[in-house]
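For the sequence shown, the working numbering gives the first residue as 1, with consecutive numbering after it.
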Amino acid sequence: MLYEAYNEINLMDDDKVRQDFHELYELMNGMPLREMDRIIYPVCTLCRDHERSGFIHGVQVGIRLAQELAV
């Protein structure tokens, strides 16, 4: 839930992401839309899951650091 709230406030769509998607779409130029979807959907899912995993790990490290500093 914390990640979802963070993600709503801090959109990860920046110029680098747009540039990378543009390059990916250029590489798929000429492919039928269904074939493009078969590539894009798993890529986006993988990116989202990786981002969420990094966020959760960062929160865990922060909690651990706070606990060690409190001792």
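The beta carbon of each residue, even a glycine, is placed where N, CA and C say it ideally should be.
It should be emphasised that the depicted structure is a prediction, and the values quoted were computed from it without experimental measurement.
*Could you pull out every unbroken beta strand (DSSP E) segment of at least 3 residues lying fully inside the segment 28–61, listed in chain order?*
Secondary structure in the segment 28–61: no beta strand (DSSP E) run of 3 residues or longer lies completely within the stretch.
*Write down the C-beta distance between residue 3 and residue 40 rounded to the nearest angstrom, noting that I regard them as a contact closer than 8 Å.*
Cβ atoms of residue 3 and residue 40 stay farther apart than 8 Å, at about 22 Å.
*Alpha carbon to alpha carbon, how far is residue 58 from residue 46? Give it in angstroms, no decimals.*
Taking the straight line from one Cα to the other gives about 18 Å.
*From 29, 38, 51 and 9, residue whose alpha carbon lies closest to that of residue 17*: The option with the nearest alpha carbon to residue 17 is 51.
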